[in-house]
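First the structure, in the form of structure tokens, and then the observations on it.
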Amino acid sequence: MEKHWIGGKYVRGAKGDLFTTVSPAHDTTIGNYALGSEQDVHTAVQSARTAFDSGPWPHMSGQERAQVLCATADLIHIHCEELARLETLESGKPITQAKAEMETAADLWRYAATLARHTVGEAYNSLGENKLGLVLREPAGVAGLITPWNFPLLIISQKLPFALAVGCTAVIKPSELTPGTTLKLAALAHEAGVPPGVINVVTGFGNPVGACIAEHEDIDVISFTGSTAVGRRVAAAAGRNLKRCSLELGGKNPHIIFADADLDAALDPVVFGVYFNMGECCNSGSRLLLQESIAEEFTARVLELARTVPVGDPLAEDTKVGAIINEPQLAKINEYVQSGKDLGARLRTGGRQIPTLNGRFFEPTVFDGVTPQMPIAKEEIFGPVLSILTFRTLDEAIQIANDTIYGLSAGLWTSNVDTAFEVSRRVRAGTIWINCFMEGHAELPFGGYRDSGLGRELGRFSTDEFTELKTVQLHIGEQRSSWL
Ligand code: NAD
Numbered sequence: 446m447e448k449h450w451i452g453g454k455y456v457r458g459a460k461g462d463l464f465t466t467v468s469p470a471h472d473t474t475i476g477n478y479a480l481g482s483e484q485d486v487h488t489a490v491q492s493a494r495t496a497f498d499s500g501p502w503p504h505m506s507g508q509e510r511a512q513v514l515c516a517t518a519d520l521i522h523i524h525c526e527e528l529a530r531l532e533t534l535e536s537g538k539p540i541t542q543a544k545a546e547m548e549t550a551a552d553l554w555r556y557a558a559t560l561a562r563h564t565v566g567e568a569y570n571s572l573g574e575n576k577l578g579l580v581l582r583e584p585a586g587v588a589g590l591i592t593p594w595n596f597p598l599l600i601i602s603q604k605l606p607f608a609l610a611v612g613c614t615a616v617i618k619p620s621e622l623t624p625g626t627t628l629k630l631a632a633l634a635h636e637a638g639v640p641p642g643v644i645n646v647v648t649g650f651g652n653p654v655g656a657c658i659a660e661h662e663d664i665d666v667i668s669f670t671g672s673t674a675v676g677r678r679v680a681a682a683a684g685r686n687l688k689r690c691s692l693e694l695g696g697k698n699p700h701i702i703f704a705d706a707d708l709d710a711a712l713d714p715v716v717f718g719v720y721f722n723m724g725e726c727c728n729s730g731s732r733l734l735l736q737e738s739i740a741e742e743f744t745a746r747v748l749e750l751a752r753t754v755p756v757g758d759p760l761a762e763d764t765k766v767g768a769i770i771n772e773p774q775l776a777k778i779n780e781y782v783q784s785g786k787d788l789g790a791r792l793r794t795g796g797r798q799i800p801t802l803n804g805r806f807f808e809p810t811v812f813d814g815v816t817p818q819m820p821i822a823k824e825e826i827f828g829p830v831l832s833i834l835t836f837r838t839l840d841e842a843i844q845i846a847n848d849t850i851y852g853l854s855a856g857l858w859t860s861n862v863d864t865a866f867e868v869s870r871r872v873r874a875g876t877i878w879i880n881c882f883m884e885g886h887a888e889l890p891f892g893g894y895r896d897s898g899l900g901r902e903l904g905r906f907s908t909d910e911f912t913e914l915k916t917v918q919l920h921i922g923e924q925r926s927s928w929l
């Protein structure tokens, strides 16, 4: 690719330097990309600014914008195979999963199209005789969108079509590990009718590209998905010039199984919940909380199933767990496994890298005997590692569930409706799944409490992030002021 996407076309970086992406599963080079500089960000912001301040996009009707968003969805669908293959090669995720994600991404564009036609405010006809108050929603301006490597096309599709729906323009920085599909998306959206300058993509590293976007004076809102540590830096940078900032960050999500649950039904979602996307998933159900009376039996069943999970070449259709993204992430997983062993948790299965000629693969791993204070119980590992804890009472389950800095999501299994709702109310997390796990719908808001983030994506409130409210007050008929 070797170029950024700015002003409706591929353009070379100002410095001309390149970087490469490497397949985590095959150790082969996948792409050469422009190594973005501050100058490239300024050029992209200028392009987005001009498209917002004097281009047609913010002034088009919702119906016209919706048509373009739907046409982009159609093109994602048409190019699904090609996009999925590129995403698998850059991220290491299984190809069947990648294909499903491309279709889900297309659906997000279609859902955002419905919101383009429902950008509504309020009217107050109750302010007194001759008075009318209008509350209008206007596009916020230029949006800076920064995304991670674990779900590249899906996560940009949780942001970009929603920003576009209300008339914003955008400067995007995909992860340096997986920029390919985001660049292709920009070209597809252009083909679908997004005017030049409305979407701009600068490839490169957090420093300087991400940092420059976060603090740029001419960007109006920031939407960031990534780690909590970088999210704090982005929020601080955005705060310096009082830009609005929404953050989707990490998680250490509890999956709670009560003794009265349908254990047969819970088993597969528990194993899926932790090993999906190699555990490199903000929503990973990486803490399994089992009620004591069923802990031994259910642990045995989890172990049996975990040992059957197919790990291997992500291009193979039957693979469920592909490759770990890179060496630093693998080292982090190994360190957590070592810390679990050192602190007295029992390693029941897995715990090692799988020896292969190429790439980095890690065995689906289960620890039990984990106590709430251990790092493997509290911290995001971002790998295929399950930590099993036990509890006696509902209060104890909730106490353990809330005992991390995070609050992204939580799952619970019970046949008692009182238990289900009490846990749902008392667990501090943005999403609660009752008798299911990690389901998602475009209609339902997604985001975190506490250190898992700020703001919400998806759902009908998602476009609020990308709009400003304007109050318009109107006097009707004869005006009689009496101040003097
Ligand atoms: P990361 O924070 O390292 O990087 C995310 C993005 O920020 C990348 O594009 C990166 O280049 C950029 N970046 C790095 N330094 C920056 C800086 N100083 N200023 C601006 N941008 C900078 O995260 P990652 O390793 O790519 O992704 C994994 C993390 O993302 C995990 O913690 C995971 O939980 C989180 N995540 C959260 C969600 C969610 O919706 N809550 C979804 C997916 C991933």
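Heads up: the sequence shown runs through residues 446 to 929, numbered per my numbering.
Each residue gets a CB set at the ideal place from its N, CA and C atoms; glycine is no exception.
Distance CB(residue i)-CB(residue j) smaller than 8 Å
{"i": "Ile468", "j": "Leu534", "result": "At residue 468 the sequence reads Ser, which differs from the Ile that was named. Yes. Within cutoff."}
{"i": "Ala724", "j": "His700", "result": "Looking at the sequence provided, one finds Gly at residue 724 rather than Ala. Against a cut-off of 8 Å, the Cβ pair of His700 and Gly724 comes out as no contact."}
{"i": "Asn595", "j": "Ser536", "result": "yes"}
{"i": "Ile658", "j": "Lys618", "result": "yes"}
{"i": "Gly586", "j": "Ile667", "result": "no"}
{"i": "Ala493", "j": "Ala615", "result": "yes"}
{"i": "Leu630", "j": "Leu599", "result": "no"}
{"i": "Gly767", "j": "Pro539", "result": "yes"}
{"i": "Arg895", "j": "Tyr851", "result": "yes"}
{"i": "Leu903", "j": "Ala874", "result": "no"}
{"i": "Leu687", "j": "Leu712", "result": "no"}
Where the beta strand (DSSP E) through residue i begins and ends
{"i": "Ser784", "result": "Per DSSP, Ser784 belongs to no beta strand (DSSP E); it is in the alpha helix (DSSP H), 772-787."}
{"i": "Tyr976", "result": "Past the boundaries of the shown model lies residue 976; the chain is included only from 446 to 929, so the question cannot be answered."}
{"i": "Tyr556", "result": "Premise fails: Tyr556 lies in the alpha helix (DSSP H), 540-561, not in any beta strand (DSSP E)."}
{"i": "Phe464", "result": "463-467"}
{"i": "Lys915", "result": "912-920"}
{"i": "Leu630", "result": "Run containing Leu630: none in the beta strand (DSSP E); it sits in the alpha helix (DSSP H), 625-637."}
{"i": "Thr614", "result": "614-618"}
{"i": "Val946", "result": "What is shown of the chain runs 446 to 929, which leaves residue 946 out entirely."}
Element boundaries [alpha helix (DSSP H), containing residue i]
{"i": "Leu712", "result": "708-720"}
{"i": "Ser536", "result": "525-536"}
{"i": "Thr744", "result": "737-751"}
{"i": "Leu687", "result": "Careful: Leu687 lies outside any alpha helix (DSSP H) and carries neither H nor E."}
{"i": "Lys823", "result": "820-823"}
Nonlocal neighbours in the same chain, by C-beta distance under 6 Å from residue i, ignoring five residues either side
{"i": "Pro859", "result": "The question names Pro, but residue 859 is Thr in the sequence shown. So the list reads Phe703, Asp705, Ala706, Ala865, once near-sequence residues are dropped."}
{"i": "Ala656", "result": "none"}
{"i": "Gly814", "result": "Ala790, Arg791"}
{"i": "Lys604", "result": "Leu590, Ser668"}
Which residues DSSP lists as bridging residue i, in chain order
{"i": "Arg791", "result": "Asp813"}
{"i": "Ser832", "result": "Arg732, Phe812"}
{"i": "Tyr479", "result": "Reading off the sequence shown, one finds Ala at residue 479, where the question assumed Tyr. Leu463, per the DSSP bridge assignment."}
{"i": "Thr670", "result": "Glu693"}
{"i": "Lys576", "result": "His920"}
{"i": "His700", "result": "Leu733, Gly856"}
Spatial neighbours of residue i in its chain, beta-carbon cut-off 8 Å, leaving aside the 5 residues before and after
{"i": "Ile921", "result": "Asn575, Lys576, Leu577"}
{"i": "Glu780", "result": "none"}
Option nearest residue i by Cα separation, candidates the options
{"i": "Gly566", "options": "Arg582, Ala887, Tyr720", "result": "Arg582"}
{"i": "Gly804", "options": "Ile770, Leu528, Ile778", "result": "Ile770"}
{"i": "Thr549", "options": "Gly500, Pro773, Ala887", "result": "Ala887"}
{"i": "Ser499", "options": "Thr626, Leu857, Val643, Ser602", "result": "Val643"}
{"i": "Gln774", "options": "Pro755, Gln798, Val754", "result": "Gln798"}
{"i": "Asn728", "options": "Val654, Lys448, Gly671", "result": "Gly671"}
{"i": "Thr835", "options": "Asp552, Thr495, Gly718, Gln736", "result": "Gln736"}
{"i": "Val639", "options": "Asp787, Ala516, Leu463, Gly461", "result": "Ala516"}
{"i": "Ala681", "options": "Glu660, Glu693, Leu628", "result": "Glu660"}
{"i": "Thr592", "options": "Ala568, Gly649, Ala543, Ala610", "result": "Gly649"}
{"i": "Thr564", "options": "Ile523, Ala511, Leu531", "result": "Ala511"}
Same chain only: Cβ atoms within 7 Å of residue i, ignoring 5 sequence neighbours per side
{"i": "Pro934", "result": "Not covered by the structure: residue 934. The range shown for the chain is 446 to 929."}
{"i": "Val917", "result": "Leu579, Leu581"}
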